[in-house]
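Visitor: The numbering of the sequence shown is the working numbering, which starts it at 3 and goes up by one.
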Amino acid sequence: MALVDEMTRLVIRADASATIGIGHVMRSLAVAEVARDCGVDILWIVGDAGAGAELVSRHGFAPTLCAWGDPVGWTTALRPSDTVLVDAYHLGREAFDAVRHRGARSCAVDSIGTGWQEADVVICADSDVPPSGVRPGSVALCGLPHALVRHEFLRFRRLRAREFDCLAVCLGGGDPCGLVPVVLDILDEVRPASRVVLLAGPHVPVPSEAPRSWLEVHRNPDQVAAVLDQADAAISGGGTTALELMCMGIPAALIKVADNQDCASHLAATTGAAIYVGEGKAGAHANLAGALRALAPTGERRRLSQAALAAVDGRGPERVARAILAPG
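Below you can see the structure in the form of structure tokens.
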């Protein structure tokens with residue numbers, strides 16, 4: 003895919019931490035992978051706190067550190083020919099004003115409406131409707147065709163309709179509300195699969211109680227998709243991981259674990275690709291057992307898997323890269 007002339011550079015500003023999770027960096031990585039494969043020069047800027055720099059390095063990019071709390075200082079590195087992709091809600095509109103002041107093109111990955119009013123391109127995969135406040139002349143890339151899912155998940159796309167052997171639990175890069183122990187306690191009582199695989203992100207506390215014979219813990223694995231591919235269904239947060247599961251065709255019970263997951267969780271449920279459990283511990287206590295029972299029949303998992311594969315085809319990063327980087 004021919005994207006840009008040799009003068010264009012993609013600048014990415016995204017962060018990760020125990021509080022905000024790792025989804026912002028992982029979404030940005032999906033676009034960065036496509037751009038890199040097309041020969042685009044990439045400057046990745048991350049805050050000097052949290053896990054962003056380690057994640058970026060781990061995926062083959064060289065991070066440039068900036069002050070976490072400074073919304074505009076990092077923009078001094080920009081050139082007028084740059085395309086700037088921002089996925090960091092804590093920066094706000096001031097950052098987009100600074101990008102425009104430098105003459106660069108601004109793009110926002112945003113699920114909650116912080117700063118997108120000032121962006122030239124708005125990427126909102128978890129809503130079919132453009133945000134109401136997009137400024138005139140801006141481009142809105144909305145809906146699941148623009149879901150930002152990394153290359154590695156495409157290799158494992160398949161219909162999930164075999165006997166229920168393995169359940170994955172993946173609640174994000176952090177667990178600030180302490181949901182993992184709650185989910186495991188519920189699985190002690192209602193467990194439709196013989197094995198449970200827990201993907202523990204870099205900020206998720208590993209269970210310290212007596213080992214459960216049915217539980218396998220994978221701490222921050224290098225090959226996330228390969229681990230998930232064992233699963234016949236999953237319990238997941240409603241953010242980036244939910245989209246990755248849909249791309250792989252894995253039926254899921256989704257729990258909202260962050261404020262920006264409302265739209266994605268409900269969109270996945272309304273497309274018939276997942277079951278929405280509710281918010282946090284309260285949602286899990288009230289509805290997770292019922293969702294697990296609903297996932298038990300092979301026919302129901304087949305139906306959800308078919309809907310998931312149809313909803314997220316894994317080509318969103320290519321569509322987004324083409325839209326934000328193509329000449330003209």
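All C-beta atoms in this analysis are idealised placements derived from N, C-alpha and C, irrespective of residue type, glycine included.
1. Could you compute how far the alpha carbon of V185 sits from the alpha carbon of T21?
2. Using CA coordinates, which residue listed in C126, F63 and V136 is at the minimum distance from Q263?
3. Below 8 angstroms between beta carbons: does that hold for R159 and M28?
4. Would you mind reading off the limits of the alpha helix (DSSP H) that contains I188?
5. Hey, P84 and G54: beta-carbon distance below 8 angstroms or not?
6. Label H148 either buried or exposed according to how many other C-beta atoms from any shown protein chain fall within 10 Å of its C-beta, with 16 as the threshold for buried.
7. What would DSSP say about C40, mapped onto helix, strand or coil?
8. V136 to L217, Cα distance in whole Å?
9. Can you say whether L161 is buried or exposed, counting buried as having 16 or more other CB atoms within 10 angstroms of its CB?
10. So the candidates are G282, A69, I44 and N289; which of them puts its Cα closest to the Cα of G62?
11. In whole angstroms, what separates the C-alpha of P138 from that of S129?
12. If you follow the alpha helix (DSSP H) that P319 is in, where does it begin and where does it stop?
13. Roughly how many angstroms lie between the CA atoms of N222 and L87, to the nearest whole one?
14. Are D234 and C168 close, meaning C-beta to C-beta below 8 angstroms?
15. Beta carbon of R171, beta carbon of I237: below 8 angstroms?
16. Would you report the Cα separation of R294 and V192, rounded to the nearest angstrom?
17. Output the boundary residues of the alpha helix (DSSP H) element that contains R303.
18. Can the beta-carbon of P204 be found closer than 8 angstroms to that of D177?
19. Could you tell me if H103 is buried or exposed, where buried requires 16 or more neighbouring beta carbons within 10 angstroms of its beta carbon?
20. Excluding the five sequence neighbours on either side, which residues of its own chain have a C-beta within less than 6 angstroms of the C-beta of G274, listed in chain order?
21. Do you know how far the Cα of T243 is from the Cα of V13?
22. In this structure, how does DSSP classify S267 when only helix, strand and coil are distinguished?
23. Assuming contact is defined by CB atoms lying nearer than 8 angstroms, are V279 and I252 in contact in what I supplied?
24. Contact between the region 281 to 293 and the region 310 to 324 is defined here as three or more beta-carbon pairs at a separation below 8 angstroms; is this criterion met?
25. Could you give the C-beta distance for G239 and G174, rounded to a whole number, given that I count them as a contact under 8 angstroms?
26. Between A202 and V219, which are expected to be in contact by the criterion C-beta below 8 angstroms, what is the C-beta distance as a whole number of angstroms?
27. Would you list, in sequence order, the uninterrupted alpha helix (DSSP H) runs of no fewer than 4 residues that lie entirely inside the region 238 to 289?
28. Rounded to whole angstroms, what is the Cα-Cα separation between H26 and A90?
29. Taking the alpha helix (DSSP H) that D99 falls in, what are its first and last residues?
30. Under 7 angstroms Cβ to Cβ from F155, same chain only, skipping five residues before and after it: list those, please.
31. Starting from V86, trace the alpha helix (DSSP H) in both directions and tell me its first and last residue.
32. Pick helix, strand or coil for L1, following the three-state DSSP scheme.
33. Please determine, among P213, P183, E56 and V198, the residue with the shortest C-alpha to C-alpha distance to I24.
34. Take the Cβ of P73 as the centre, count every other Cβ of all protein chains shown within 10 Å, and call the residue buried at 16 or more, exposed below.
35. Which first and last residues belong to the beta strand (DSSP E) in which L200 is found?
Guide: Reading off the structure:
1. Rounded to whole angstroms, V185 to T21 spans 19 angstroms at the Cα level.
2. Selected option, being the one with the closest Cα: C126.
3. No, the pair does not count as a contact, with Cβ atoms beyond the cut-off.
4. Unbroken alpha helix (DSSP H) run through I188: L181 to E191.
5. In the sequence under discussion, the amino acid at residue 84 is Asp, which differs from the Pro named in the question. Taking C-beta atoms as the reference points, D84 and G54 fail to come closer than 8 angstroms.
6. With at least 16 other beta carbons inside 10 angstroms of its own, H148 counts as buried.
7. C40: coil per DSSP, three-state reduction.
8. Rounded to whole angstroms, V136 and L217 show a C-alpha spacing of 46 angstroms.
9. By the 10 Å Cβ count, L161 comes out exposed.
10. Nearest in C-alpha terms to G62, of all of G282, A69, I44 and N289, is I44.
11. For the pair P138 and S129, the Cα-to-Cα distance works out to about 19 angstroms.
12. Where P319 is concerned, the enclosing alpha helix (DSSP H) stretches over G318 to L327.
13. Take the alpha-carbon of N222 and the one of L87: they are about 25 angstroms apart.
14. In this structure, D234 places its C-beta atom within 8 angstroms of the C-beta atom of C168.
15. Rather than Arg, the amino acid found at residue 171 in this sequence is Val. Yes, Cβ-Cβ distance for V171 and I237 is below 8 angstroms.
16. Rather than Arg, the amino acid found at residue 294 in this sequence is Leu. Distance between the alpha carbons of L294 and V192: 7 angstroms.
17. T300 to A313 is the span of the alpha helix (DSSP H), which, as asked, contains R303.
18. The answer is no: Cβ separation not under 8 angstroms.
19. It counts as exposed.
20. Result list for G274: A309, in chain order.
21. When only Cα atoms are considered, V13 and T243 end up about 24 angstroms apart.
22. Note: S267 maps to helix in three-state DSSP.
23. No. Outside cutoff.
24. In short, these stretches do not touch, since the Cβ pair count stays below three.
25. That belief holds up - the Cβ atoms of G239 and G174 are roughly 5 angstroms apart, short of 8 angstroms.
26. With a Cβ gap of about 6 angstroms, A202 and V219 count as contacting.
27. Every alpha helix (DSSP H) of 4 residues or more that sits fully in the region 238 to 289 is shown, in chain order, as 242 to 250, 264 to 272 and 282 to 285.
28. When rounded, the distance between both Cα atoms is 7 angstroms.
29. Secondary structure note for D99: its alpha helix (DSSP H) is the uninterrupted segment R95 to H103.
30. So the qualifying residues of the chain are A227, E246, C249, M250 and G316.
31. Not the alpha helix (DSSP H): V86 falls in the beta strand (DSSP E), residues T85 to D89.
32. The structure shown does not extend to residue 1, since the chain is modelled only from 3 to 330, so the question has no answer here.
33. It is E56.
34. The residue in question, P73, is buried, as its Cβ has 16 or more Cβ neighbours within 10 Å.
35. Start and end: R197 to A202.
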